[in-house]
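For reference, each letter of the sequence shown is one residue, going 3 to 185 in the working numbering.
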Amino acid sequence: MAIDNSKNRVVGAARSNDVQRGVTIDAVDRIILDELSRNARIPNNALAAAAGIAPSTCLGRVRSLIDRGVIRGFHAEIDPAALGKDLQAMIAVRVQPGARRHLGQLAEQLNDLDEVLNLYFLAGADDYLIHVATSNTDGLRRFVLQHLSANPAVASTETSLIFEHVRPSPRSENSLSPDAPGR
């Protein structure tokens, strides 16, 4: 697994739809996943202690979770404003019916753009939801005009500005337990 630091993307790791079917996650794996979801920088020996296993066993389990596509990667989340990109938006994109066979190619083109933070392929009325960050409204307008409206595969777009992104608080200890309330 390699990290492309220019876009904070994990390269060579399994994508969400690459998770092996029938992957079994036992109680120890759940503890490891819960701890990593709270703090991906936790030292292996501390992670092993939390899971009640030897550090070498823990390292092997983490590697197995990565290989099986359960853990999709480790990354640093960087505030776009710190990089001069103060304006964030979500852009819903509908593709022309005749262009549907080229959805993968369009996704690759969009994902390579510096403004794109995340790209989601959807079911429903829209085909993609694109999370972008630009320096200002002129940059957002330019992005939409040059990369979406000018693309013959794109039928329509709808842009929503993001005022604030609130992250959920770290999960409780029982959140990954199949016996947790509400499951």
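Glycine included, C-beta positions come from ideal geometry on N, C-alpha and C.
Being a predicted model, the structure only gives us computed values, none of them experimental.
Problem - Identified DSSP bridge partners for A133 - result: The sequence as given places His at residue 133; Ala does not occur at that position. BP columns for H133 point to M92 and N120.
Exercise for the section: Would you kindly report the start and end of the unbroken beta strand (DSSP E) that includes E160? Expected result: Counting along the chain, the beta strand (DSSP E) containing E160 begins and ends at V156 to I164.
Handout entry: Member of V95, H149, L147 and L112 whose CA lies at the smallest distance from the CA of G126
Key = Among V95, H149, L147 and L112, the Cα nearest to that of G126 belongs to V95.
Problem - Cβ pair I132, L121 closer than 9 Å - result: For I132 and L121, yes; Cβs fall inside 9 Å.
Problem - Cβ contact check for the region 31-42 and the region 53-60: 3 or more pairs under 8 Å - result: Three or more Cβ pairs drawn from the region 31-42 and the region 53-60 lie within less than 8 Å of each other, which places the two stretches in contact.
Handout entry: Top-ranked residue by Cα proximity to I73, from E160, R32, L85 and Y130
Key = In terms of Cα proximity to I73, the closest of E160, R32, L85 and Y130 is R32.
Problem - Residues sharing a beta bridge with V72, DSSP - result: V72 is not bridged to any residue.
Practice task
Could you give the DSSP three-state label for V146: helix, strand or coil?
Solution key: Looking at V146 - three-state DSSP - the assignment turns out to be helix.
Handout entry: Cβ-based burial, A78 [other Cβ within 10 Å; buried from 16]
Key = When all chains shown are included, A78 counts as exposed.
Practice task
Less than 8 Å between the CB atoms is what I'm expecting for V156 and V97, so what's the real figure, rounded?
Solution key: Confirmed, about 6 Å.
Practice task
Tell me whether I80 is buried or exposed, calling it buried when 16 or more other Cβ atoms sit within 10 Å of its Cβ.
Solution key: I80 is exposed by the Cβ-count criterion.
Practice task
Taking the CB atoms as reference points, tell me whether A101 and I164 lie closer together than 9 Å.
Solution key: Cβ atoms of A101 and I164: not closer than 9 Å.
Problem - Contact under 9 Å by Cβ, S162 with I68 - result: Taking 9 Å as the Cβ cut-off, S162 and I68 do not qualify as a contacting pair.
Practice task
Would you kindly work out how many angstroms separate the C-alpha atoms of N153 and P82, rounded to a whole number?
Solution key: Cα to Cα, N153 sits roughly 26 Å from P82.
Exercise for the section: Name, in chain order, the residues that DSSP records as bridge partners for V97. Expected result: Residue pairing for V97: DSSP places it in a beta bridge opposite V156.
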